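Enquirer:
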Amino acid sequence: MTLESLDIKQQKLRQLQQILPEIFEDGEIIPEKLKDVFADEVNESREHYSFTWAGKRDCYKTIREKTNATLKVDEDTTIPDGDNVFIEGDNLEVLKLLQLSYHKKVKMIYIDPPYNKDKDFVYSDTWGDSIQNYLIQTDQLRDEGYTTTKTNSTGRRHTNWLNMIYPRLWLSRNLLKDDGVIFVSIDDDEVHNLRKVMDEIYGEENFVGHTVWKHTEQSKNDEPYFSRQYNSILAYKKSDVLDKLRLPRTQKDNKNYSNLDNDINGEWRSGDVRSPSYRKTLCFDIETPSGNIISPPKNGWRWAKSEVNKKIDSGEIIFNDDETNIIRKIYLKNQDGRTPENLWIGEEYGTTRSANSELKELFENETPFDTPKPTKLIRKLCQLFKDDKSFICLDFFAGSGTTAHAVMALNQEDGGNRKYILVQLPEATDVKSE
8 MTLESLDIKQ
18 QKLRQLQQIL
28 PEIFEDGEII
38 PEKLKDVFAD
48 EVNESREHYS
58 FTWAGKRDCY
68 KTIREKTNAT
78 LKVDEDTTIP
88 DGDNVFIEGD
98 NLEVLKLLQL
108 SYHKKVKMIY
118 IDPPYNKDKD
128 FVYSDTWGDS
138 IQNYLIQTDQ
148 LRDEGYTTTK
158 TNSTGRRHTN
168 WLNMIYPRLW
178 LSRNLLKDDG
188 VIFVSIDDDE
198 VHNLRKVMDE
208 IYGEENFVGH
218 TVWKHTEQSK
228 NDEPYFSRQY
238 NSILAYKKSD
248 VLDKLRLPRT
258 QKDNKNYSNL
268 DNDINGEWRS
278 GDVRSPSYRK
288 TLCFDIETPS
298 GNIISPPKNG
308 WRWAKSEVNK
318 KIDSGEIIFN
328 DDETNIIRKI
338 YLKNQDGRTP
348 ENLWIGEEYG
358 TTRSANSELK
368 ELFENETPFD
378 TPKPTKLIRK
388 LCQLFKDDKS
398 FICLDFFAGS
408 GTTAHAVMAL
418 NQEDGGNRKY
428 ILVQLPEATD
438 VKSE
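Spelled out as structure tokens, the structure:
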């Protein structure tokens, strides 16, 4: 593994020179030439939609800066020929160090970042915002030291969180394969900002879905308005190379399929034959083998007459016993997995309580981590890549290590060869501990 960080700025310049050499002179970009190339695509109006905050420019500076950090192998804990990687360190620095070795090699990213619950959240990056600096940047503090308006502490809290998450998400995108997906857990406090950040970094067109996971069955009576029982998982794909996500089918999914008529195509279930909306061309009578006439439903049939005849000839459409209706066969062999729902509730996905129970088994009835995620939840995310059981999963907010646990457990269950990369800040430990 290459242990040097990538010069993001120089990489982007080289890429731009390859596709748009005409906008450069002596290695520098000429803005006028860039405008000439794109002409009508350039928006010079002052009024346009923009998502911004105090310190956003510093985020780009942070992204561009090369890190002086290096990765050092711990010989005492390294497993010979092991493919899984656990890295202790600042995930911002680590993501920069992974840019060369893991560029477009990661299929799945899952992170459970800080939810910004602390009212004065300030992440420990070098550009972490002080109250005074935030007030100056947002014009709430004059040079003389007087506040110009009522201070917006909520804005500062969101700003600090955005300054923390933006560079990390930006750098992580480079590591995803073209058919890769990133999943981010979040709650109501920052889900709106996270959606905007992800739209900007990944592109709104690459939004895959917003899944609601019910993490507790217990209501909290001390909440003033609503008892929060769910977290969100936002999912974005890297590009259009990924066309769909599917879960493996289970016996429960297939319970409505049977083959009582010994169809050579195997088990099947009946499907809807009605058109969802009215079209005159779909309204026609169907004649049965014995000469009975079946009238069309209100909106007509689902297919044109020629297509219905083809399906009757192939056996995909049959008649019921008294020939008063047609039956459409949907074959199990043609079902490509199960389309995942965006509401995840129940034992199948686990809860915070079940996650704590898992930790208690490992830590002698202790729960040293706050709000851990259950392995079932991460396993389910890994299973969304139904036909790929050999990929790299990255988690750069590793916490309790649930992602590693889930990957190994799923491999053991289905014979997969998935690998993980986990990144976590070193935990402070008692010098007297063993």
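Per this note's numbering, residue 8 is the first one in the sequence shown, and the count goes up by one each step.
Beta carbons: idealized from backbone N, C-alpha and C, even for Gly.
It should be emphasised that the depicted structure is a prediction, and the values quoted were computed from it without experimental measurement.
How is the beta strand (DSSP E) around K426 delimited, first residue to last?
Expert: Sequence index remark: in the sequence shown, residue 426 carries index 419 (1-based). First-last of the beta strand (DSSP E) with K426: 426 to 431.
Enquirer: What distance in whole Å lies between the Cβ atoms of M205 and Y243, which are believed to be in contact at a cut-off of 8 Å?
Expert: As a working note, residue 243 is residue 236 in the sequence shown. As a working note, residue 205 is residue 198 in the sequence shown. Confirmed, Cβ separation roughly 5 Å.
Enquirer: Determine the direct distance from the alpha carbon of K124 to that of I193, and round the result to whole angstroms.
Expert: By 1-based counting over the sequence shown, the position of residue 193 is 186. By 1-based counting over the sequence shown, the position of residue 124 is 117. Approximately 11 Å, taken between the alpha carbons.
Enquirer: Which residue or residues does DSSP assign as beta-bridge partners of S192?
Expert: For the purposes of this step, residue 192 is taken as residue 185 along the sequence shown, with counting starting at 1. I240.
Enquirer: Can you name the start and end residues of the beta strand (DSSP E) that R402 belongs to?
Expert: Residue numbering aside, residue 402 sits at position 395 when the sequence shown is read from its first letter. Just to set this straight, residue 402 is Asp in the shown sequence, not Arg. 399 to 402 is the span of the beta strand (DSSP E), which, as asked, contains D402.
Enquirer: State the start and end residues of the unbroken alpha helix (DSSP H) segment that holds T382.
Expert: On the sequence shown, residue 382 is found 375 positions in, with the first residue counted as 1. Run containing T382: 382 to 390, per the alpha helix (DSSP H) assignment.
Enquirer: When the Cα of Q342 is compared with those of I324, E365, G278, which residue comes out closest?
Expert: Sequence index remark: in the sequence shown, residue 342 carries index 335 (1-based). Closest by alpha carbon: G278.
Enquirer: Can you round the beta-carbon distance between G423 and L417 to whole angstroms, since I take them to be within the 8 Å contact cut?
Expert: Here residue 423 is taken as the residue at index 416 of the sequence shown, counted from 1. Here residue 417 is taken as the residue at index 410 of the sequence shown, counted from 1. Correct: roughly 6 Å between the Cβ atoms.
Enquirer: What does the alpha-carbon distance come out to for the pair S265 and R276?
Expert: Taking the sequence shown and counting its residues from 1, one reaches residue 265 at position 258. Taking the sequence shown and counting its residues from 1, one reaches residue 276 at position 269. Each residue's alpha carbon lies about 7 Å from the other.
Enquirer: What's the C-alpha gap between W60 and D247?
Expert: One-based indexing of the sequence shown puts residue 60 at position 53. One-based indexing of the sequence shown puts residue 247 at position 240. Going by the C-alpha atoms only, they are around 30 Å apart.
Enquirer: Beta carbon of V113, beta carbon of L182: below 9 Å?
Expert: Your numbering for residue 113 matches position 106 in the sequence shown. Your numbering for residue 182 matches position 175 in the sequence shown. In contact: V113 and L182 (Cβ atoms closer than 9 Å).
Enquirer: Return the chain-ordered list of same chain residues with a C-beta closer than 7 Å to the C-beta of D119, the five sequence neighbours on each side being excluded.
Expert: Counting from one through the sequence shown, the residue named residue 119 turns up at place 112. These residues qualify, in order along the chain: S192, K380, F404, G406.
Enquirer: Go to T69, then tell me how far its alpha helix (DSSP H) extends in each direction, as first and last residue.
Expert: As a first step, residue 69 is located in the sequence shown; it is residue number 62 there, counting from the start. 63 to 71 is the span of the alpha helix (DSSP H), which, as asked, contains T69.
Enquirer: Tell me which residues share the same chain as V315 and place their Cβ nearer than 7 Å to its Cβ, disregarding the 5 neighbours each side in the sequence.
Expert: As a first step, residue 315 must be located in the sequence shown, where it is residue number 308. Hits under 7 Å: I293, W308, I324.
Enquirer: Can you tell me whether H217 is helix, strand or coil according to DSSP?
Expert: The count along the sequence shown starts at 1 and reaches residue 217 at position 210. DSSP places H217 in strand when its eight states are reduced to three.
Enquirer: My output table needs one value for S179: the three-state DSSP class, helix, strand or coil.
Expert: Looking up residue 179 in the sequence shown gives position 172. S179 falls in the helix class under three-state DSSP.
Enquirer: Which value, in whole angstroms, describes the spacing of the CA atoms of R180 and I70?
Expert: Numbered from its first residue, the sequence shown carries residue 180 at position 173. Numbered from its first residue, the sequence shown carries residue 70 at position 63. Cα-Cα distance, rounded: 12 Å.
Enquirer: Measure the CB-CB distance between V430 and G96 and report whether it falls below 9 Å.
Expert: Taking the sequence shown and counting its residues from 1, one reaches residue 430 at position 423. Taking the sequence shown and counting its residues from 1, one reaches residue 96 at position 89. Yes, these two residues count as a Cβ contact at 9 Å.
Enquirer: If you compare alpha carbons, which of L388, I189, I116, K40 is closest to W445?
Expert: Past the edges of the chain, shown from 8 to 441, lies residue 445, and the structure says nothing about it.
Enquirer: Considering only the alpha carbon of each residue, which of S108, N332, I319 lies closest to I300?
Expert: Counting from one through the sequence shown, the residue named residue 300 turns up at place 293. The shortest Cα separation from I300 among S108, N332, I319 belongs to N332.
Enquirer: Helix, strand or coil: how does DSSP classify I15 here?
Expert: Here residue 15 refers to the residue found at position 8 when the sequence shown is read from its first residue. Three-state DSSP puts I15 in a helix.
Enquirer: Should I419 be labelled buried (16 or more other beta-carbon atoms within 10 Å of its own) or exposed?
Expert: Residue mapping note: residue 419 aligns to position 412 of the sequence shown, counting from 1. In the sequence on display, residue 419 carries Gln and not Ile. When all chains shown are included, Q419 counts as exposed.
Enquirer: Near L339, what residues of its chain come up, given a Cβ to Cβ distance below 7 Å and the 5 sequence neighbours on each side ignored?
Expert: Against the sequence shown, residue 339 aligns to sequence position 332. Cβ within range, chain order: N261, Y264, G273, E274, W275.
Enquirer: Take the Cβ of T154 as the centre, count every other Cβ of all protein chains shown within 10 Å, and call the residue buried at 16 or more, exposed below.
Expert: Taking the sequence shown and counting its residues from 1, the one referred to as residue 154 is at position 147. Because T154 carries a pLDDT of 48, less than 50, the predicted location of this residue cannot be relied on, and no value is offered for it.
Enquirer: Going by the CB atoms, is the gap between F190 and L107 shorter than 9 Å?
Expert: Start at 1 with the first residue of the sequence shown, and residue 107 comes out as number 100. Start at 1 with the first residue of the sequence shown, and residue 190 comes out as number 183. It is not a contact, given that the beta carbons lie outside the stated cut-off.
Enquirer: What residue ranges within the stretch 321 to 379 form continuous alpha helix (DSSP H) runs of no fewer than 4 residues, ordered along the chain?
Expert: DSSP runs (the alpha helix (DSSP H)) wholly in the stretch 321 to 379: 359 to 369.
Enquirer: Helix, strand or coil, according to DSSP, for K157 in the structure here?
Expert: Taking the sequence shown and counting its residues from 1, the one referred to as residue 157 is at position 150. With a pLDDT of 47 at K157, under the threshold of 50, the modelled position of that residue is not reliable, and no figure is offered here.
Enquirer: Looking at chain D, is there any beta carbon in it that lies within less than 9 Å of the beta carbon of Q258?
Expert: No chain D is part of this structure, which consists of one protein chain only.
Enquirer: Taking the alpha carbon of G62 as the point to measure from, which residue in D81, L169, Y122 has its own alpha carbon closest?
Expert: The residue you call residue 62 lines up with position 55 of the sequence shown. The candidate whose alpha carbon is nearest that of G62 is L169.
Enquirer: Please state whether the Cβ-Cβ distance between T382 and E365 is less than 9 Å.
Expert: Taking the first residue of the sequence shown as 1, we reach residue 382 at position 375. Taking the first residue of the sequence shown as 1, we reach residue 365 at position 358. Yes; because the gap between Cβ atoms is below 9 Å, this pair is in contact.
Enquirer: Of the residues L289, A76, A411, V49, which one's Cα is nearest the Cα of S313?
Expert: Here residue 313 refers to the residue found at position 306 of the sequence shown. It is L289.
Enquirer: By the 10 Å Cβ neighbour count, where 16 or more other Cβ atoms means buried, how is K126 classified, buried or exposed?
Expert: By one-based count along the sequence shown, residue 126 stands at place 119. Legend: pLDDT at K126 = 49, less than 50; position of this residue unreliable, value from coordinates given subsequently. By the neighbour-count rule (16 or more Cβ atoms within 10 Å), K126 is not buried but exposed.
Enquirer: Look up Y209 in the DSSP assignment and say whether it is helix, strand or coil.
Expert: Here residue 209 is taken as the residue at index 202 of the sequence shown, counted from 1. Looking at Y209 - three-state DSSP - the assignment turns out to be helix.
Enquirer: In the structure shown, what three-state DSSP assignment does V49 receive?
Expert: On the sequence shown, position 42 is the one that residue 49 refers to. DSSP places V49 in coil when its eight states are reduced to three.
Enquirer: Once you ignore the five residues that flank L41 on each side, which residues in its own chain have a CB closer than 7 Å to its CB?
Expert: Indexing the sequence shown from 1 puts residue 41 at position 34. I30, listed in sequence order.
Enquirer: Considering only their Cβ atoms, is the gap separating V188 from L2 smaller than 9 Å?
Expert: Here the chain covers residues 8 to 441 and nothing more, so residue 2 does not appear.
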